[in-house]
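Only one structure is covered here, and it is reproduced in the block below.
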Amino acid sequence: MTDALPRSEEVTALHDQWLGAAGWPPQVGEGGEPASLGHWIHRNHRFNSLLWAEEDLARRTQVADAEIAANKRAIDRFNQARNDATERIDELLLLALGLVDAASTRGDAPESLVAPGARLSSETAGSMIDRLSILALKVHAMQAQTLRTDVHEAHRQTSMVKLERLRQQRADLAACLDALLADVQAGRAYFKVYRQFKMYNDPQLNPALVRERG
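Its first residue numbered 1143, the sequence shown is counted upward by one per residue in our numbering.
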């Protein structure tokens, strides 16, 4: 990824490329330099992919409870990492656009630098890229359903209809991402870095964990 402002076509192509790569998702290792936007888009997609696999495993009914508990803990870790990557994508985009105070970027309340008259978008570009990652996973998984040979033709046909709907959803969202970034670059809109504050993962904020410590 070379552009400071990514094009949705480039992002979705990378999502599909990574999903088709042998050994995806890697358990370790990242794509690109840690300071690069491409690194964090790769990281977000990797943790969404790991999360997807764990969500499947957590639905098993014929394994020990301890295995499901391990899946649930992995889901929490991967979801936190996915959200952290989404926030970092927003930070880097806003830094590139000059719309956030650099000194405040990594704090809990990054300071926005807003063009006069610009409208606030409640959805950030990072959250759109995160949603595109999830839609890429859905498209990939639904396409696999259309190719199954152990099911009836009706299953494949139903899956094909759903696949086309998912592709349309992804195309619509991709267009919205491009429109948002174009509006932001032109000074017509802006978005902020929002912190998710996943309280259940914080031993100081989760009341159940606080009670465990006595």
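Backbone N, C-alpha and C fix where the C-beta goes; we use that ideal spot for every residue, glycine too.
1. If Asp1272 and Thr1203 are in contact, beta carbons under 8 angstroms, what's the gap, nearest whole angstrom?
2. Is the Cβ-Cβ distance between Arg1230 and Trp1194 less than 8 angstroms?
3. Report yes if the C-beta distance between Gln1327 and Leu1179 is below 8 angstroms; otherwise report no.
4. What is the DSSP secondary structure of Val1352, reduced to helix, strand or coil?
5. Assuming His1184 is part of the alpha helix (DSSP H), what are its boundary residues?
6. Let me confirm a value: Asp1292 is counted as buried when at least 16 other C-beta atoms fall within 10 Å, else exposed. Which label applies?
7. Cα separation between Met1341 and Asn1348?
8. Within the same chain, show all residues whose beta-carbon is closer than 7 angstroms to that of Ile1276, passing over the 5 residues directly before and after it, in chain order.
9. Could you name each continuous alpha helix (DSSP H) segment of 4 residues or more that falls completely within the stretch 1276-1330, going from the start of the chain to the end?
10. Can you check which of these residues, Pro1167, Lys1214, Ala1223, is closest to Phe1339 by C-alpha distance?
11. Tell me the DSSP bridge mates of Val1242?
12. Is Ala1163 buried or exposed, if buried means 16 or more other CB atoms sit within 10 Å of its CB?
13. Look at the alpha carbon of Pro1176 and the alpha carbon of Asp1226, and state the distance between them as a whole number of angstroms.
Let me spell this out:
1. About 30 angstroms separates the two Cβ atoms, so there is no contact after all.
2. no
3. Taking a C-beta distance under 8 angstroms as the contact criterion, Gln1327 and Leu1179 do not qualify as a contact pair.
4. Annotated three-state conformation of Val1352 is helix, per DSSP.
5. 1179-1200
6. exposed
7. 6 angstroms
8. Asn1190
9. Runs found: 1295-1327.
10. Nearest C-alpha to Phe1339 among Pro1167, Lys1214, Ala1223: Ala1223.
11. Partner(s): Ser1254.
12. With fewer than 16 other Cβ atoms from the protein chains shown falling within 10 Å of its own Cβ, Ala1163 counts as exposed.
13. 13 angstroms
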